[in-house]
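**Student:** According to our numbering, the residues represented by the sequence shown are 2 to 402, in order.
No residue lacks a Cβ here, since even glycine has one placed at the ideal position from N, Cα and C.
Note that the structure is predicted; figures quoted are calculated from it, not measured.
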Amino acid sequence: MFEFIWFSKDAWIKRKARKHLLAQALSKKPAVDRVIFLEPFTNPIELINLISSESISDDDFARWKRALLFKTVKLSDKFYLHSPLSPIPLKRFRKIYDLNCLLSSIFIKSIAKSRSAKRVVWFYNPYDFLLLRLFPKSTILVFDWTEDWAEYHVELSPKQRRQMKELEIKMVKNVDLVFTVSDSLLKVARQYNPNSHRIPNATAFAEISNNQNIEIAGEMRIQRPILGYIGAICERTDFKLLNRLADEFPKCSIVLIGSMSQGITESDISHLTSKNNVYYLGLKEHGELPKYIKSFDVCLMPYKLENTKTINPTKLYDYLATGKPIVSTFFDDIEYYQDLVRIAETHEEFIGQVREALAENDSALVQRRIDYAKQNSWSARADEILGVLNEYLENSSVLIQ
Numbered sequence: 002m003f004e005f006i007w008f009s010k011d012a013w014i015k016r017k018a019r020k021h022l023l024a025q026a027l028s029k030k031p032a033v034d035r036v037i038f039l040e041p042f043t044n045p046i047e048l049i050n051l052i053s054s055e056s057i058s059d060d061d062f063a064r065w066k067r068a069l070l071f072k073t074v075k076l077s078d079k080f081y082l083h084s085p086l087s088p089i090p091l092k093r094f095r096k097i098y099d100l101n102c103l104l105s106s107i108f109i110k111s112i113a114k115s116r117s118a119k120r121v122v123w124f125y126n127p128y129d130f131l132l133l134r135l136f137p138k139s140t141i142l143v144f145d146w147t148e149d150w151a152e153y154h155v156e157l158s159p160k161q162r163r164q165m166k167e168l169e170i171k172m173v174k175n176v177d178l179v180f181t182v183s184d185s186l187l188k189v190a191r192q193y194n195p196n197s198h199r200i201p202n203a204t205a206f207a208e209i210s211n212n213q214n215i216e217i218a219g220e221m222r223i224q225r226p227i228l229g230y231i232g233a234i235c236e237r238t239d240f241k242l243l244n245r246l247a248d249e250f251p252k253c254s255i256v257l258i259g260s261m262s263q264g265i266t267e268s269d270i271s272h273l274t275s276k277n278n279v280y281y282l283g284l285k286e287h288g289e290l291p292k293y294i295k296s297f298d299v300c301l302m303p304y305k306l307e308n309t310k311t312i313n314p315t316k317l318y319d320y321l322a323t324g325k326p327i328v329s330t331f332f333d334d335i336e337y338y339q340d341l342v343r344i345a346e347t348h349e350e351f352i353g354q355v356r357e358a359l360a361e362n363d364s365a366l367v368q369r370r371i372d373y374a375k376q377n378s379w380s381a382r383a384d385e386i387l388g389v390l391n392e393y394l395e396n397s398s399v400l401i402q
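(1) For Arg120, does the count of other Cβ atoms within 10 angstroms reach 16, so buried, or fall short, so exposed?
(2) Leaving aside the five residues before and after Glu148 along the sequence, list all residues of the same chain whose C-beta is less than 7 Å from its C-beta, in chain order.
(3) Have a look at the DSSP bridge pairing and note the partners of Glu4.
(4) Identify the continuous beta strand (DSSP E) that holds Phe144 and give its terminal residues.
(5) The beta strand (DSSP E) that contains Lys75, what's its start and end?
(6) Considering Cα atoms alone, identify which of Ala374, Ile14, Val355, Pro137 is closest to Ile227.
(7) For Lys305 and Phe124, I'd like the C-alpha separation in whole angstroms.
(8) In this structure, does DSSP put Gly229 in helix, strand or coil?
(9) Would the beta-carbon of Leu284 fall within 8 Å of that of Leu257?
(10) Let me know the secondary structure DSSP gives Ile215 once reduced to three states.
(11) Measuring CB to CB, does Asp60 end up less than 8 Å from Lys15?
(12) Round the Cβ separation of Phe38 and Trp65 to the nearest angstrom and send it over; I've been treating them as touching at under 8 Å.
(13) Can you tell me where the beta strand (DSSP E) holding Gly259 begins and where it ends?
(14) Alpha carbon to alpha carbon, what distance is there between Val74 and Ser84?
(15) Name the residue from Cys253, Leu76, Gly388, Ile265 whose alpha carbon lies nearest to the alpha carbon of Ile223.
(16) Between which two residues does the alpha helix (DSSP H) harbouring Gly353 extend?
(17) Given a cut-off of 8 Å on the beta-carbon distance, is the pair Leu82 and Asn44 in contact?
(18) Where does Leu400 fall in DSSP's three states?
(19) What is the residue span of the alpha helix (DSSP H) that Arg163 lies within?
(20) Between Ala26 and Ser380, which are expected to be in contact by the criterion C-beta below 8 Å, what is the C-beta distance as a whole number of angstroms?
(21) With His198 as the anchor, note down where its beta strand (DSSP E) starts and where it stops.
(22) By Cβ distance below 8 Å, which residues in the same chain neighbour Thr204 in space, the five residues on each side in sequence not counted?
(23) What number of angstroms, rounded off, separates the C-alpha of His154 from the C-alpha of Asn308?
(24) With distances taken from CA atoms, which of Val182, Val328, Thr347 is nearest Gln340?
(25) From the DSSP output, read off the bridge partner residues of Tyr293.
(26) Count the other CB atoms within 10 Å of the CB of Ile46; is the residue buried (16 or more) or exposed (fewer)?
(27) Short of 8 Å in beta carbon distance, which residues of its chain neighbour Pro291, apart from the five on each side in sequence? Order them along the chain.
(28) Among Met302, Asp363, Glu152, which has the Cα closest to the Cα of Ile231?
(29) Pull the bridge partners of His83 from the DSSP assignment, please.
(30) When you compare only the Cα positions, how much space is there between Asn202 and Tyr338?
(31) I'd like to know if Leu168 contacts chain D, where contact means its C-beta is closer than 8 Å to some C-beta of that chain.
The structure is reproduced here in structure tokens:
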């Protein structure tokens, strides 16, 4: 039996990502005793700022309630959620973050002594490098490398980016196993750690195409065809391309579903959303997404070509589960899916691919997409990870107590 202590880089929020979905999938496996999901540290200054803000989301309220009560919440049979409260604010500064890690070590060590299962400690944030020393050698340490974080965090200074890159490499070197989301990250990881494996993203909606009980969301009762996008609206989103799509296809509705990432405001996309055929619907609960994507006629992945070398979007697998046509800008890993996805390297190519997607009438291709999604569920990814862990134990001299 395995026990996972899961240090997430994101809180437990409406928009579920790999960090959340993979942890949940593992908790459902017979070979897993339990998963303890640890949200990022929060502190009293954040609480004061939250109280003084105009609105408090349900996610924020629930997280603070857990943190202030020092309460670990059981979300399902073998899945536990903990929200650590750190006494020192300004966690964006590296030394303060490190100090908070050490102060939280008492709680962390108490978790590590609570069970006798094979213990796996799972990391996402390179800043958590300091935590590696807290666990005995009998623990399996894992770094799930899902982004080139130094490139992803555009708000960081050049010096902070260099520090982030150094921490990424330190994490890769010093853990027992590395999982990467893409080939590009895998190539880097294997330079420093031979126990590195590509585990791409997956879908939680593998059965969406067969589910006749999914009721289309009322917001989607708009003019068809619908060109739809789900996911974060961020620095990678190509707003110029979306503006061109809205102009080129005035009889289509362009729907954007997702939160605006740090650094992006409504004013940044106001020119786009002011168009009559563009609908920005905001963030939706993860479980509600099938009510939206099932009504898409064409699924969009409109990224800028820069800073996308290492990505493997979760939305790709959710789109495939619908069987609908998908049009994407180019990124390295997209070549794995070239028989299922329409790929463009310029705005002109993208517009042409959307036009062809709207005319697509290939039932065999629809079924191939659906079948691929079924083979690439989060449950399947959990099985792959457990297989790698068991193989590592068989070939390792480390004894798990």
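**Tutor:** Taking the structure as given:
(1) Classification of Arg120: buried, given that the 10 Å Cβ count is 16 or more.
(2) Thr311
(3) Arg35, Arg120
(4) 141-146
(5) 73-77
(6) Val355
(7) Distance between Lys305 and Phe124, taken at the CA atoms: about 28 Å.
(8) strand
(9) No; because the gap between Cβ atoms is not below 8 Å, this pair is not in contact.
(10) Residue state, collapsed to three classes: coil.
(11) yes
(12) Contact doesn't hold; Cβ gap of about 17 Å is too wide.
(13) Careful: Gly259 lies outside any beta strand (DSSP E) and carries neither H nor E.
(14) Taking the straight line from one Cα to the other gives about 9 Å.
(15) That would be Cys253, whose Cα lies nearest to the Cα of Ile223.
(16) First-last of the alpha helix (DSSP H) with Gly353: 348-359.
(17) Contact flag unset, no.
(18) Model confidence at Leu400 stands at a pLDDT of 49, short of 50, so the residue's coordinates are unreliable; what they give is reported in the following sentence. If DSSP states are grouped into helix, strand and coil, Leu400 belongs with coil.
(19) 159-175
(20) 5 Å
(21) Start and end: 197-199.
(22) Cβ neighbours of Thr204 beyond the five flanking positions: Thr315, Tyr318, Asp319, Leu321, Ala322, Ala374, Asn377, Ser378, Trp379.
(23) 11 Å
(24) As written in the sequence, residue 340 is Asp, which differs from the Gln given in the question. When each option's Cα is compared against that of Asp340, the closest is Val328.
(25) Paired residue(s): none; Tyr293 is not in a bridge.
(26) So Ile46 counts as exposed.
(27) Phe206, Ile209, Asn212, Ile215
(28) Met302
(29) Leu39, Thr73
(30) Pairing Asn202 with Tyr338, the inter-Cα distance amounts to about 13 Å.
(31) Protein chains in the displayed structure number just one, and chain D is not present.
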